[in-house]
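Given below as structure tokens:
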């Protein structure tokens, strides 16, 4: 009898999960528990040391930027509460899988002071943020990128992400923007993140982007909520397209530094060509103007001088009468 009750309970749980995916009832949600504690403090430019839960978009906090990790003030671009504020375990303010910066970019691990409380995603316009203890941390976790990264690899990755968010907005950091999908090639959206990170890095560093283009299109159309998927489609109208035919309007065009450099070169060449043409026009104009001025001046001088081909008046040239 107990076994039958247990089987019935399991069947009921599975059924509710299916109803959830169909969008009828919201009971069973998978969320990656990899963020930062709302209690963790950061230095805000005008408010002093405050907990992350008190931050708002537009606030300015300490962080670092560039290959030399130069200290900087960083504008908060996104801060989102995770899992409706449900308590999660953190260590020194980080979930175990959250990626922090030391010599490399790696998961924090489950060492340090343990606390339970609401957690947040946080993104700034710097490469990494800094908490009150001096620990540098990123906006990503090993849920997204499974492996440890060098600082150089991470810089390529985060720069590419910022180029995308500059076009679409920062909703990517809101975990409520995603959903599981039973009909998708990979039903759980979090399981689609590691290949997305891998291909993003390959595109950003090596300009090998076709697989990234396909993976991104599949993720957007299978796991991103409709209103956000529409934003992405408007920003990248040829998302998922064949890059050999056209790169225009693809997400790879924004992510790949090669394509970015090409665009800059074309733009600079066009501007340089226009500038050169203008300089040549000005030079020709000035040359012609000076030439006309010289001719005019010469004519004036010639008119002012007596005609040497005719003898002066009242002077006889007839030597026979002498």
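Residue numbers (the numbering used here): 146 to 467. Every residue, glycine too, gets a C-beta built ideally from N, C-alpha and C. Being a predicted model, the structure only gives us computed values, none of them experimental.
Would you identify the three-state DSSP class for residue 322, choosing helix, strand or coil?
Reading the chain shown from its first residue, position 177 is the one you call residue 322. Reduced to three states, the DSSP call for residue 322 is helix.
Contacting residues, own chain, Cβ-Cβ under 7 Å from residue 269 (five flanking each side not counted)
On the chain shown, residue 269 is found 124 positions in, with the first residue counted as 1. 206, 208, 219, 220, 221, 222, listed in sequence order.
Name the DSSP beta bridge partners of residue 334, please?
As a first step, residue 334 is located in the chain shown; it is residue number 189 there, counting from the start. Bridge partners of residue 334: none, in fact.
Local Cβ density within 10 Å of residue 309, reported as buried at 16 or more and exposed below that
For this step, residue 309 is matched to residue 164 along the chain shown. It is buried - the Cβ of residue 309 has at least 16 other Cβ atoms within 10 Å.
Outcome for residue 328 when other beta-carbon atoms lying within 10 angstroms are tallied against a minimum of 16:
As a position in the chain shown, residue 328 is number 183, starting the count at 1. The residue in question, residue 328, is exposed, as its Cβ has fewer than 16 Cβ neighbours within 10 Å.
Between the Cα of residue 230 and those of 262, 349, 401, 251, spot the shortest distance and give me the residue it belongs to.
Reading the chain shown from its first residue, position 85 is the one you call residue 230. It is 262.
Identify the continuous alpha helix (DSSP H) that holds residue 392 and give its terminal residues.
In the chain shown, counting from the first residue as 1, residue 392 sits at position 247. First-last for residue 392: undefined, no H or E at that position.
Alpha-carbon spacing of residue 237 relative to residue 390, whole angstroms
Mapped onto the chain shown, residue 237 falls at position 92. Mapped onto the chain shown, residue 390 falls at position 245. Roughly 50 Å between the two C-alpha positions.
Beta-carbon proximity of residue 318 to residue 266, cut-off 7 Å
For the purposes of this step, residue 318 is identified with residue 173 of the chain shown, where counting begins at 1. For the purposes of this step, residue 266 is identified with residue 121 of the chain shown, where counting begins at 1. Result yes, Cβ atoms of residue 318 and residue 266 sit closer than 7 Å.
Confirm, please, whether the CB-CB distance from residue 224 to residue 200 is below 7 Å.
Taking the chain shown and counting its residues from 1, the one referred to as residue 200 is at position 55. Taking the chain shown and counting its residues from 1, the one referred to as residue 224 is at position 79. The answer is yes: Cβ separation under 7 Å.
According to DSSP, is residue 275 part of a helix, a strand, or is it coil?
Residue numbering aside, residue 275 sits at position 130 when the chain shown is read from its first letter. Note: residue 275 maps to strand in three-state DSSP.
For residue 361, does the three-state DSSP call read helix, strand or coil?
Position 216 of the chain shown, counted from the start, is the residue given in the question as residue 361. Three-state DSSP puts residue 361 in a helix.
When DSSP labels each residue in this structure, what does residue 194 get in the three-state scheme?
Reading the chain shown from its first residue, position 49 is the one you call residue 194. Strand, per DSSP.
Let me check understanding here. Comparing Cα to Cα, which of 250, 274, 303 lies closest to residue 142?
Beyond the ends of the chain as shown, which are 146 and 467, falls residue 142; an answer cannot be given.
For the alpha helix (DSSP H) containing residue 378, list its first residue and its last residue.
Taking the chain shown and counting its residues from 1, the one referred to as residue 378 is at position 233. Segment 371-380, the alpha helix (DSSP H) holding residue 378.
Residue 195 to residue 189, Cα distance in whole Å?
As a working mapping, residue 195 is identified with position 50 in the chain shown. As a working mapping, residue 189 is identified with position 44 in the chain shown. Residue 195 and residue 189: Cα-Cα distance of roughly 7 Å.
Going along the chain, which residues of its own chain have a beta-carbon closer than 6 Å to the beta-carbon of residue 184, five neighbours each way excluded?
Working through the chain shown from its first residue, we reach residue 184 at position 39. Result list for residue 184: 196, 262, in chain order.
Name the DSSP bridge partner or partners of residue 285?
The residue labelled residue 285 in the question sits at position 140 within the chain shown. Paired residues: none, contrary to the question.
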